[in-house]
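Working notes, structure below.
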Amino acid sequence: LYPPSPEEMVTLGLSATDRVARVDRLRLANGTPLAIERASLAEATLPDPARVEDSLYACLKMSGNRPVRAIQRLSAALLDKEDADLLGVPPGSATLNIERISYLPSGKVIEFTSSSYRSDGNDCLAELRVGDGRQPRSFFSRVRRRDVFSPTVACSRRALVTIRSWGCEQPDPTTSGWS
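For the sequence shown, this note's numbering assigns the number 25 to the initial residue and increments by one for each residue that follows.
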């Protein structure tokens with residue numbers, strides 16, 4: 025557990041005296057490093073980060089704190105040496121960065137995650153539709169890779185964005201949510 029950074033304080037609604045749990049994960053696909061995920065949660069939400077095994081969201085569900093919606097921002101950047109080494113690419117390689125803020129049904133922010141995806145193993149697919157004026161339902165589903173899950177998210181009113189990676193399988197219709 026750590027003192028919150030200014031960004032964590034603002035995003036999670038914490039004071040300087042609060043503490044945050046940080047869960048860092050290296051996502052793999054077929055044994056190849058694919059993404060670095062760094063999640064921050066208030067200590068009250070995740071007092072023992074060591075409890076997280078395979079899935080942060082399974083751990084949050086057990087404590088009644090599973091998010092029901094999220095907003096993600098995608099941007100491009102260049103990897104520094106530390107993250108490039110973790111992903112097995114040269115420093116300065118392009119990365120797709122995703123910042124996610126996740127919410128409880130009450131609207132309270134539960135999680136802030138910053139991820140860096142290798143650009144040589146991911147692409148971003150956007151579907152844009154000219155609608156009939158009706159708002160689409162918000163939804164989240166997952167695309168299962170052998171050992172990695174990736175969200176499909178509804179963006180604005182008429183766009184659908186999917187992050188695809190190596191070794192993707194078809195979504196499992198019996199499951200939903202993030203892992």
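Beta carbons are placed, not taken as given, at the ideal position from N, Cα and C, and that holds for glycine.
Ordered along the chain, which non-local residues of its own chain (more than five positions away) have a Cβ less than 6 Å from that of residue i?
i           : result
residue 111 : 57 and 142
Closest to residue i by CA distance: which of the options is it?
i           : options            : result
residue 70  : 85, 115, 59 and 61 : 85
residue 126 : 29, 27, 73 and 80  : 80
residue 121 : 93, 99 and 135     : 99
residue 35  : 47, 66 and 83      : 66
residue 140 : 131, 130 and 117   : 117
residue 129 : 101, 51, 94 and 47 : 94
So, for residue i: in the same chain, excluding its five sequence neighbours on each side, which residues have a beta-carbon less than 7 Å away from its beta-carbon?
i          : result
residue 12 : With the chain represented from 25 up to 203, any question about residue 12 goes unanswered, as that position is not in the structure.
residue 37 : 133
residue 49 : 61
Hey, would you say the C-beta of residue i is under 7 Å away from at least one heavy atom of the ligand NAD?
i           : result
residue 131 : This structure lacks the ligand NAD; in fact it carries no ligand of any kind.
Spatial neighbours of residue i within its chain, please: CB distance less than 8 Å, with the 5 preceding and 5 following residues excluded, ordered by chain position.
i          : result
residue 33 : 39, 40 and 42
Roughly how many angstroms lie between the CA atoms of residue i and residue j, to the nearest whole one?
i           : j           : result
residue 63  : residue 91  : 13 Å
residue 119 : residue 29  : 23 Å
residue 73  : residue 123 : 20 Å
DSSP has residue i in a bridge; who is on the other side?
i           : result
residue 120 : 100 and 141
**Q.** Whole beta strand (DSSP E) elements within the region 38-116, 3-residue minimum
**A.** 44-53, 56-66 and 93-102
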